[in-house]
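Novice:
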Amino acid sequence: MQFKDIVGQRVLANRLTEIIDSGRISHAQMFLGPTASGSLAMAIAYAQYVNCTNRQHYGEGSELRADSCGECPNCKKYQQLMHTDLHLVFPNATTPSVKSDHVCADEFQEEFREFLTDGHQMGTEDQWYAHLNVENKQGMIRERDAANIVRALSLKSYEGGYKVVIIWLAERMNPSAANELLKTLEEPSENTLMILVVESKDKMLSTIISRVQQVVVPDLGVGISDEKRIQFAQLFVSWTRLLFKLKMHTLSAWVDQTAGLGRETQKQFLQYSLQAVRACFLKTAANIMLPGELEWGDEKFNASFPAMVTVRNVEQMNNAINDALYAIERNANPKITFMQLSFTLSKLIKNR
Ligand SMILES: [Zn+2]
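According to the working numbering, the sequence shown holds residues 9 to 360 in order.
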C-alpha cells in the first residue's frame, strides 16, 4: 500500500513521511478515524514507508512530498501483505472451520488479505464480517491474539527492518487482551512498531491510550450537519452537470452562488467533494456501494456519475480539489478558485 493509492489523505501522508524521514518514529501509535476514511490503509502505507529501502522524494510543489518506492523487496512483500515482519490483527469470530479452542486472527490471515486486496482497503467492520460469513456475530480480539502479538514482536526481525504489528479496530480487544499488551507497549523491544487502528476511542482502556501517540486520520465528512449535507448534495449535482457542458453563463452563476457561501462553508463543500470523488472511485473500481450520506437524492445521477471517476483521473481530480482547498484556506479569491477548479475538473471528466 502506497500513500499515492489513498485518496483524500495527502495532508496527513505528508506529515507522516516528514516525521519518519526525521527519524522520530514512535514505537506505539494510535491511528484514530473512521475505517471508511482509510485509517487502516494509512497504517499499512506508513509501515511500508518505514521499511522501504528506496524512499521516493518528490520536488517542491508536488501534492505528495514522498512515498515508498513500491519496487524494493520490502515494498513488494508489503504490497501483497505478505511481509514476514508485518503482523495483522483484527476482530475475529468462530466459523464452521475455526472453533473456539483456537480462534484468533492468525487463523484468518488469508481471508483478511483477500478482503483488503479486493478493494476493501477502506472496508468497514460489517463488510469484514460479511466477507467471513459471520454477519450475526460480534468479532473480538482475544488474549490468544495478544499473546501472538507479544511473541511476534519478541522474535528477531526476519528482514532486518522494523517488525510491525497493526491492530485493526483495536477497540475490539477484550480486557484481558488489552492488559496483556500493556507491558509490550511500555517496554518495547528495539525496532518494533505497533499501530492501533481505532474508530472509537471511548471504548479503549485509558491505560492503553496514555501509552500511544495519537494520529488523527481526518474524516472528510465529519462536522457537516444533515441540513448542510443536503445543501452540498444539491450544489454538487448542479455543479457536476455544468461540468459536462461548460456553458459560461450558467457556470459563472454557480460560481457566484458558491463564492457567496463564506469561507468555512466553501472548505466544507470542497471536503465533501473530495469524499464524493473517493466514493465514486470505489464504486467504479471495486463496485463498493456509495455510503448513504453520499447519495444525491437523484437516482439517475447516483447511477451515472460514479463512472466519471476512473483510475485515469481520480488522482488528478483529488489533487485539483485539494489545491482549491489549500487556496481557500489561504484566503485566495473564491470566484477565481472555483472557476479554475471547474475548468480542471471538466477537462478531467472528459478525459476519463
Ligand atoms: Zn520500497
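Glycine included, C-beta positions come from ideal geometry on N, C-alpha and C.
Can you give me the Cβ contacts of V230 inside the same chain, cut-off strictly under 6 angstroms, excluding the 5 residues immediately before and after it?
Specialist: Only weak support is given to the placement of V230: the predicted model assigns it a pLDDT of 46, under 50, and the question is left unresolved by the model.
Novice: So, does the stretch 117-129 touch the stretch 160-171, judging by three or more C-beta pairs under 8 angstroms?
Specialist: no
Novice: Decide if the stretch 33-45 is in contact with the stretch 206-218; the criterion is three or more beta carbon pairs, one per stretch, under 8 angstroms apart.
Specialist: The stretch 33-45, when compared against the stretch 206-218, does touch it at the 8 angstroms Cβ threshold.
Novice: State the DSSP-derived secondary structure class of D227, mapped to helix, strand or coil.
Specialist: coil
Novice: Under a Cβ-count criterion, where at least 16 other Cβ atoms within 10 Å of its own Cβ denotes burial, should S281 be classed as buried or exposed?
Specialist: buried
Novice: Can you grab the Cα-Cα spacing for the pair N62 / R73, in whole Å?
Specialist: 14 angstroms
Novice: DSSP state of L254, grouped into three classes?
Specialist: L254: coil per DSSP, three-state reduction.
Novice: Going by alpha carbons, who is nearest to H95 out of I52, N341, V319?
Specialist: I52
Novice: Identify the continuous alpha helix (DSSP H) that holds T345 and give its terminal residues.
Specialist: Run containing T345: 342-358, per the alpha helix (DSSP H) assignment.
Novice: Count the other C-beta atoms from every protein chain shown that fall within 10 angstroms of the C-beta of D109, then say buried if there are 16 or more, exposed otherwise.
Specialist: exposed
Novice: What I want to know is whether the C-beta of E79 ends up closer than 7 angstroms to one or more non-hydrogen atoms of ligand 1.
Specialist: yes
Novice: From A138 to R150, what does the alpha carbon distance come to, in whole angstroms?
Specialist: 20 angstroms
Novice: Measuring straight from C-alpha to C-alpha, what distance separates E179 and M212?
Specialist: 5 angstroms
Novice: Can you pull the DSSP bridge partners for T200?
Specialist: K171
Novice: Three-state secondary structure (DSSP) at F39?
Specialist: Note: F39 maps to strand in three-state DSSP.
Novice: Thinking C-beta only, is N100 closer than 8 angstroms to F123?
Specialist: no
Novice: For Q10, is the classification buried or exposed, using 16 other Cβ atoms within 10 angstroms of its Cβ as the cut-off for buried?
Specialist: buried
Novice: For the beta strand (DSSP E) that contains V19, what are its first and last residues?
Specialist: Not the beta strand (DSSP E): V19 falls in the alpha helix (DSSP H), residues 18-29.
Novice: Is there contact here, the stretch 12-27 with the stretch 310-326, by at least three beta-carbon pairs under 8 angstroms?
Specialist: yes
Novice: Leaving out the 5 sequence neighbours to the left and right, which residues in its chain are closer than 6 angstroms to L243 when beta-carbon positions are compared?
Specialist: Answer for L243: no residue qualifies.
Novice: By how many angstroms is the C-alpha of T352 removed from the C-alpha of L189?
Specialist: The alpha-carbon atoms of L189 and T352 are separated by roughly 49 angstroms.
Novice: Less than 8 angstroms between the C-beta atoms of A160 and A185, yes or no?
Specialist: no
Novice: For the 8 angstroms Cβ check, are there 3 or more pairs between the stretch 265-282 and the stretch 237-251?
Specialist: yes
Novice: Give me the Cα-Cα distance between R32 and V220, rounded to the nearest whole angstrom.
Specialist: 14 angstroms
Novice: Which residues share a DSSP beta bridge with A74?
Specialist: When beta bridges are read from the DSSP output, A74 appears opposite H65.
Novice: Can you tell me whether H91 is buried or exposed? The criterion is at least 16 other CB atoms within 10 Å of its CB, across all chains shown.
Specialist: buried
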